[in-house]
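Here the structure comes first, spelled out in structure tokens, and everything after it is commentary.
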Amino acid sequence: MNRPIFMSAIALSALLPAAAMAAPYGARASYEEELARAESRGTLTMPIAGVENNAWFDYQTDIDEARTELKKDLRAATDAEDERDAWDEYRTELADARHDYVKEMKEKGYRTGQVRVYSAR
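For the sequence shown, the residue numbers in mature numbering (1 follows the signal peptide of the UniProt record, and there is no 0) are -22 to -1, 1 to 99.
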């Protein structure tokens, strides 16, 4: 015997991918945009080892420039391919900026923090 299943809108929204819910008017975000947003969440918010030096300020400048260029590129985009290219370039610039900053700090003797979680068995 089959019974109909009724789900509330809230329950249905839990089944949808977060990127699809965030896009305006039900339009799905591009794969490049999803990757760029994931990379953006990895942006460092505090300097490594709490040291505010030229490397940290250069990193902050690179992040600001990448955001400014993304806005400019998205405004100038004429089709979906242009938008995907803009998001892909933004993701690449964020990743490069973080890599360069971490590398420079390692060369100066600072290390990025590590968190290790062990399960109790």
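C-beta atoms are modelled at their ideal positions from N, C-alpha and C, and glycine is treated no differently.
Please read all numbers here as calculations on a predicted model, not as lab measurements.
Give the DSSP-derived three-state secondary structure of residue i in the structure shown.
i   : result
R76 : helix
G28 : helix
R45 : helix
A64 : helix
R15 : helix
L22 : coil
Y96 : coil
Within this structure, are the beta carbons of residue i and residue j separated by less than 7 Å?
i   : j   : result
A55 : E47 : no
V80 : T90 : yes
A64 : D51 : yes
A44 : Y68 : yes
A14 : D40 : no
A27 : Y88 : yes
CB-CB under 7 Å to residue i, same chain, minus the five flanking residues each way: which ones, in chain order?
i   : result
S18 : L72
P25 : W34
V29 : Y88
Who are the near neighbours of residue i in its chain, counting only those whose CB is closer than 8 Å to its CB and skipping five residues on each side?
i   : result
T21 : I41, L72 and R76
E11 : A(-4), E61, R62 and W65
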